[in-house]
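Undergrad: There's a structure below that I have some questions on.
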């Protein structure tokens, strides 16, 4: 009987392109070759003089045998053997190609048939260094390994066009955000605002695995790029931080909609009061102890305009709104007072391109949203005002850029609801005024699709839910649908990053924050050219 075992060891059928589509490559490798999902490969087309790059998206066992059940027959291995006729079929996603001019282009053509496939070196990716930005977050990942010399850095200029960070618990979201903050502190390209109710960003704490972590104050070389406003007196003294204060006039009545459930009638009262300063609204409800028999015609107090506007509302409605106002003031007394606000200092620090951290440890979710709502509104109004001044010829200078991080963003950017309109306004219109949002969530499918459509940078750190992955794939500007398997198999600390100005989604190993700040500490810190100069004239 003739042996079917291929004994030709000089096999040229492997490592050559056999695919026939512009958007999908295929080639065969020996059955015992080690390949991984996410491996990046180089395809050299000597006919056209082009070098193509592709990412492994699937691995399939295959053979040249005509018997479709050869691998389940008795004594298969003895009869057929595992020679060159048994192989792994590799499917790869085209990333693009580089020509003689060293410019990277999208894959609008296909490599020549049987073009050689090989593993690239770090030097093959020198073109990527030219398209990376200023905000370093990690190193390029290829399969199970990394290319240490290829740093992955986001562009500061696209942050105004919004960003999303999507990760399930334990995948390294907090570590990524701290690395992102440290790079922002070093680069000083835009202002970054983060409200932290857990106290983990300032001095660290413990990771989801229970290991101790460091905070942003431990990045000593970049401290000039950090401004912290805190309610924790011990931390303020220990690290030399700023005291956080908001004043009554920073508050507006619609902020109550974030904190409490309201009936339609109560919502009407709140909207009626929106035009009044917060101190007047609080003053009116504090002045009147009992509104159950309120009569606007008999009112003789200080806030007659408010009383007159509320004259037609039920006396059952007003006491509920009064309780909510009193509860809001009482709940936030640790940072809310009648006069004296930190907001001018906060905005000044943001416009100096610093990372501004609002540290409110042990405060409730309502307090976090209350602070974030006020700060977002003030930043938007300030930027809208400056834009209007520039439009009328009254302003000068370059538009400032601010990125506002919103943790657990599904709370305020879900479908429907008028209670979160300032965040929606920021998502829909903020880019025009230099204000971007960083949407951080474990549940992207619960974010309004109109908001996701506004995001231009996606950092995907592993999503187990197919609905979440489908939502991301349908919203990203680059095609992530073919990377579904890779996203499912990401390990903690790994991400797929899709952003403007980087030509394809980049698999990334995120720096470990503690190691990264040690590395940054050995480098000189960039400072704005006008740092230290008086810019008030």
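Numbering (the working numbering), first residue to last: 43 to 579.
Glycine residues also receive a C-beta, built at the ideal position from the N, C-alpha and C atoms.
(1) Going by Cα to Cα distance, which pick from 134, 106, 95, 72 is closest to residue 61?
(2) Compare the Cα-Cα distances from residue 349 to each of 325, 182, 96, 131 and report the closest residue.
(3) Could you compute how far the alpha carbon of residue 562 sits from the alpha carbon of residue 363?
(4) Taking DSSP's pairing of strands, which residues face residue 480 in a bridge?
(5) So, at 7 Å on beta carbons, what are the nonlocal neighbours of residue 58 in its own chain, with the 5 sequence-adjacent residues on each side left out?
(6) Please report the straight-line C-alpha distance between residue 213 and residue 314, rounded to a whole angstrom.
(7) Can you grab the Cα-Cα spacing for the pair residue 445 / residue 409, in whole Å?
(8) Report, in whole angstroms, the separation of the C-beta atoms of residue 217 and residue 535, which I expect to be a contact under 8 Å.
(9) Is residue 354 helix, strand or coil when you go by DSSP?
(10) If you drop the 5 nearest sequence neighbours on each side, which residues of the same chain put their C-beta closer than 8 Å to that of residue 224?
(11) Check whether the Cβ atoms of residue 385 and residue 292 lie closer than 8 Å to each other.
(12) Distance, Cα to Cα, residue 169 vs residue 240?
(13) Taking the alpha helix (DSSP H) that residue 73 falls in, what are its first and last residues?
(14) Would you kindly work out how many angstroms separate the C-alpha atoms of residue 401 and residue 275, rounded to a whole number?
(15) My assumption, with CB atoms under 8 Å, is that residue 487 sits in contact with residue 509. Please give the rounded CB distance.
(16) Taking a contact to mean a Cβ-Cβ separation below 8 Å, would you say residue 593 touches residue 501 in this structure?
(17) Around the C-beta of residue 354, are 16 or more other C-beta atoms found within 10 angstroms, so that it is buried, or is it exposed?
(18) If you draw a straight line from the C-alpha of residue 84 to the C-alpha of residue 67, how long is it?
(19) Could you tell me if residue 339 is buried or exposed, where buried requires 16 or more neighbouring beta carbons within 10 angstroms of its beta carbon?
(20) Return helix, strand or coil for residue 520, following the three-state DSSP convention.
(21) Quick one: is residue 242 buried, meaning 16 or more other Cβ sit within 10 Å of its Cβ, or exposed?
(22) Quick check on residue 543: does DSSP put it in helix, strand or coil?
(23) Determine the extent of the alpha helix (DSSP H) in which residue 37 is found, giving its start and end residues.
(24) Are residue 9 and residue 203 close, meaning C-beta to C-beta below 8 Å?
(25) Among 98, 116, 130, 180, whose alpha-carbon lies nearest the alpha-carbon of residue 161?
(26) Can you round the beta-carbon distance between residue 205 and residue 497 to whole angstroms, since I take them to be within the 8 Å contact cut?
(27) Which residues in the same chain have their Cβ closer than 6 Å to the Cβ of residue 319, if we skip the five residues on either side of it in sequence?
(28) Going by the beta-carbon positions, is the gap between residue 235 and residue 392 smaller than 8 Å?
(29) In whole angstroms, what is the alpha-carbon distance linking residue 87 and residue 482?
(30) With DSSP run on the structure shown, which of helix, strand or coil describes residue 560?
(31) Using a Cβ-Cβ cut-off of 7 Å (strictly less than) and excluding sequence neighbours within five positions of residue 297, which residues of its own chain qualify?
(32) Ends of the beta strand (DSSP E) at residue 170?
(33) Between residue 595 and residue 352, what straight-line distance do the alpha-carbon atoms span, to the nearest angstrom?
(34) Give the DSSP-derived three-state secondary structure of residue 103 in the structure shown.
(35) Can you name the start and end residues of the beta strand (DSSP E) that residue 238 belongs to?
(36) Excluding sequence positions up to five away, which residues of its chain have a Cβ less than 6 Å from the Cβ of residue 565?
TA: If we stick to the structure as given:
(1) 134
(2) 325
(3) 51 Å
(4) 205, 447
(5) 69, 156, 157, 158, 159
(6) 45 Å
(7) 21 Å
(8) 7 Å
(9) coil
(10) 258, 261, 264, 555, 558, 559, 562
(11) yes
(12) 41 Å
(13) No alpha helix (DSSP H) holds residue 73; DSSP gives it neither H nor E.
(14) 11 Å
(15) 5 Å
(16) Because the chain in this structure spans residues 43 to 579, residue 593 falls outside the shown range and cannot be described.
(17) exposed
(18) 12 Å
(19) exposed
(20) coil
(21) buried
(22) coil
(23) Since the first residue of the chain shown is 43 and the last is 579, residue 37 is not available in this structure.
(24) The chain is shown only over 43 to 579; residue 9 falls outside these bounds and no answer can be derived.
(25) 98
(26) 6 Å
(27) 291
(28) yes
(29) 42 Å
(30) helix
(31) 412, 415, 416
(32) Residue 170 -> not in any beta strand (DSSP E); alpha helix (DSSP H) instead, spanning 168 to 173.
(33) For residue 595 there is no data in the structure shown, the boundaries of the chain being 43 and 579.
(34) strand
(35) 233 to 238
(36) none
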